[in-house]
Amino acid sequence: MTTPSPSTSDSALVLFSGGQDSATCLAFALSRFARVETIGFDYGQRHRVELEQRGKIREGLARISLLWAERLGEDHTITIEALGAISDTALTREAEIAFDASSLPNTFVPGRNILFLTFAAALAYRRGIGQLVGGMCETDYSGYPDCRDATIRATQTALSLGMDRPLEILTPLMWIDKAATWKLAEELGGEPLVRLIVEESHTCYLGERGTRFDWGHGCGECPACRLRAAGWEKYRAAREQ
1 MTTPSPSTSD SALVLFSGGQ DSATCLAFAL SRFARVETIG FDYGQRHRVE LEQRGKIREG
61 LARISLLWAE RLGEDHTITI EALGAISDTA LTREAEIAFD ASSLPNTFVP GRNILFLTFA
121 AALAYRRGIG QLVGGMCETD YSGYPDCRDA TIRATQTALS LGMDRPLEIL TPLMWIDKAA
181 TWKLAEELGG EPLVRLIVEE SHTCYLGERG TRFDWGHGCG ECPACRLRAA GWEKYRAARE
241 Q
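Residue numbering for the sequence shown follows this note's numbering, beginning at 1 and increasing consecutively.
Next comes the structure, spelled out in structure tokens:
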């Protein structure tokens, strides 16, 4: 049996879906840590095309910066079919996007981020990685309770206790809106990173990539597309002032 490596403060594991937020978080981690690995999850999501974009974004990031290329480590994809099987949501079923009685959109997949963080923490334990980086956000989001800072802090505490090893969960987007997320990407990697996110990242809940808008590919109508488009317009307007 292989003994897990002691965790280090110069390494990070990024929860990398292939979307705008996780691509920005990956650039954030590459700018700060000497070794950065990525993890993605296949849970039967309706917008599974996001998984196909992950490799393109990783390759693009390596082209943007030689330092990032040197720091970018292994990629891991975990299949969690059980999550899709027990989730009756618009992200895992062919259903119209709507709000339920609790005012949450039916795109909410209960327990998803908690489960993702648990799997990521287990992998980080084995890989000797001390930090997880995720794109959870409480400012521009759909009200998902597992994106809230209180949930992430509680999960960090539980995982650190349960594995008897300090683990830090970094959420660089927690308190910023989508416009500021575009701005952060620009600060991290300049116009090349912004262009990469526009062209290759995927956020649309319906998995549409046929139409290319100024802000990227998508249906243009789902909540994720509308949020991304509004953030883009605000970001571009601020640049022109």
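We put the beta carbon where it would ideally sit given N, CA and C, even for glycine.
Nearest-angstrom beta carbon gap, residue j and residue i [assumed within contact, 8 Å]
i      : j      : result
Leu117 : Leu132 : 6 Å
Arg228 : Thr203 : 5 Å
Rounded straight-line distance, which links the Cα of residue j to that of residue i
i      : j      : result
Arg71  : Ala120 : 19 Å
Glu233 : Glu240 : 11 Å
Ala179 : Asp21  : 11 Å
Ser201 : Met163 : 33 Å
Met174 : Ser9   : 21 Å
Glu199 : Val36  : 23 Å
Ser11  : Glu138 : 25 Å
Ile78  : Ile169 : 19 Å
Tyr205 : Ala185 : 22 Å
Arg195 : Gly231 : 15 Å
Gly218 : Leu51  : 15 Å
Leu15  : Gly134 : 5 Å
Ala62  : Arg212 : 24 Å
Top-ranked residue by Cα proximity to residue i, from the options
i      : options                      : result
Phe17  : Ile39, Ala29, Phe28          : The residue you asked about is not Phe; residue 17 is Ser in the sequence shown. Checked all of Ile39, Ala29, Phe28; the closest Cα to Ser17 is Ile39.
Glu74  : Glu59, Ala229, Thr211, Arg48 : Glu59
Lys183 : Val49, Cys219, Gly207, Ala27 : Ala27
Ile176 : Asp149, Asp42, Asp214        : Asp149
Gly128 : Leu167, Cys147, Gly143       : Leu167
Ala29  : Ile152, Ala69, Ala122        : Ala69
Ala122 : Tyr144, Leu161, Arg153       : Leu161
First and last residue of the uninterrupted beta strand (DSSP E) at residue i
i      : result
Gln131 : 129–133
Ile78  : 72–79
Limits of the unbroken alpha helix (DSSP H) element including residue i
i      : result
Cys42  : It is worth fixing the name first, because residue 42 is Asp in this sequence and not Cys. Element bounds for Asp42: not the alpha helix (DSSP H) but the beta strand (DSSP E), 35–42.
Glu191 : 178–200
Leu51  : 49–64
### Message
For the region 187–197 against the region 156–170, do three or more pairs of beta-carbon atoms, one drawn from each stretch, fall closer than 8 Å, so that the two count as touching?
### Response
no
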